[in-house]
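Worksheet for the structure shown next.
In the numbering used here, the protein residues as written are 136 to 354.
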């Protein structure tokens with residue numbers, strides 16, 4: 136390849152990176168414009184693969200409904216499963232029901248209960264919006280995406296990059312093994328302080344979730 140051809144390739148790649156930056160900025164601006172008028176909201180996370188006949192689906196609906204009745208809006212990832220349940224409960228209770236939707240090879244369809252929707256291509260921009268417009272996190276049982284959102288919030292609070300807010304893990308029997316591992320491995324090796332685990336709150340009933348959030352936040 137000649138010197139001029141190499142420079143052409145370099146310039147083309149540089150232009151692509153510049154346009155990518157503009158797309159990232161556009162997603163941030165659109166998200167802020169869309170969400171800035173919301174009341175205090177709670178972000179609910181959980182498996183996209185949970186079925187409507189799963190007891191967790193109904194319990195997520197109940198949590199979202201209780202949050203709306205207490206004056207909060209509900210934000211989810213906008214997809215199926217427990218995200219759908221959160222939006223369904225919020226919508227049927229007449230409150231803000233927000234979906235921060237991202238296109239994925241699987242599980243990419245948005246659910247039908249979104250009253251406000253933002254679309255994202257970049258996970259990190261989407262996660263910024265989850266944190267920016269939430270006064271609490273409710274982490275239902277889920278997979279790796281749910282863990283990603285959980286530890287994102289945990290690290291931000293742990294390192295004082297954001298103000299502390301409730302991070303609720305729903306269903307003790309699901310999360311106990313993870314917390315035991317963190318205590319037995321991370322705390323034991325000095326990689327985590329025991330008191331830092333207190334940033335996470337375990338709840339087993341929908342009403343308990345709502346009451347915990349009301350205790351630590353103001354609407």
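C-beta atoms are modelled at their ideal positions from N, C-alpha and C, and glycine is treated no differently.
Separation of residue j from residue i, as counted between CA atoms
{"i": "residue 164", "j": "residue 189", "result": "37 Å"}
{"i": "residue 179", "j": "residue 219", "result": "10 Å"}
{"i": "residue 91", "j": "residue 304", "result": "Any answer about residue 91 is impossible in this case: the structure gives the chain only from 136 up to 354."}
{"i": "residue 300", "j": "residue 289", "result": "10 Å"}
{"i": "residue 326", "j": "residue 227", "result": "44 Å"}
{"i": "residue 201", "j": "residue 230", "result": "10 Å"}
{"i": "residue 329", "j": "residue 174", "result": "34 Å"}
{"i": "residue 334", "j": "residue 260", "result": "24 Å"}
{"i": "residue 250", "j": "residue 323", "result": "46 Å"}
{"i": "residue 267", "j": "residue 206", "result": "18 Å"}
{"i": "residue 343", "j": "residue 291", "result": "24 Å"}
The ligand SAM heavy atom lying under 8 Å from the CB of residue i
{"i": "residue 346", "result": "No copy of the ligand SAM appears in this structure; indeed no ligand is present at all."}
Simplified DSSP state of residue i, which is helix, strand or coil
{"i": "residue 272", "result": "strand"}
{"i": "residue 304", "result": "strand"}
{"i": "residue 353", "result": "coil"}
{"i": "residue 178", "result": "strand"}
{"i": "residue 144", "result": "Low confidence applies to residue 144: its pLDDT is 40, below 50, so where it sits in the model is not reliable enough to give any reading."}
{"i": "residue 167", "result": "helix"}
{"i": "residue 153", "result": "helix"}
{"i": "residue 234", "result": "strand"}
{"i": "residue 229", "result": "coil"}
{"i": "residue 159", "result": "helix"}
Contact belief for residue i with residue j at Cβ below 8 Å, rounded distance in angstroms
{"i": "residue 244", "j": "residue 216", "result": "About 11 Å; that fails the 8 Å criterion."}
{"i": "residue 264", "j": "residue 282", "result": "Not a contact, Cβ separation roughly 19 Å."}
{"i": "residue 347", "j": "residue 336", "result": "6 Å"}
Range covered by the alpha helix (DSSP H) that runs through residue i
{"i": "residue 280", "result": "279-293"}
{"i": "residue 201", "result": "190-204"}
{"i": "residue 212", "result": "Run containing residue 212: none; DSSP gives neither H nor E here."}
{"i": "residue 263", "result": "258-267"}
First through last residue of the beta strand (DSSP E) which encompasses residue i
{"i": "residue 252", "result": "251-255"}
* Asked: What are the uninterrupted segments assigned as alpha helix (DSSP H) that are 4 or more residues long and contained completely in the stretch 302-348, given in chain order?
  -> Counting only runs of 4 or more, we get 307-316.
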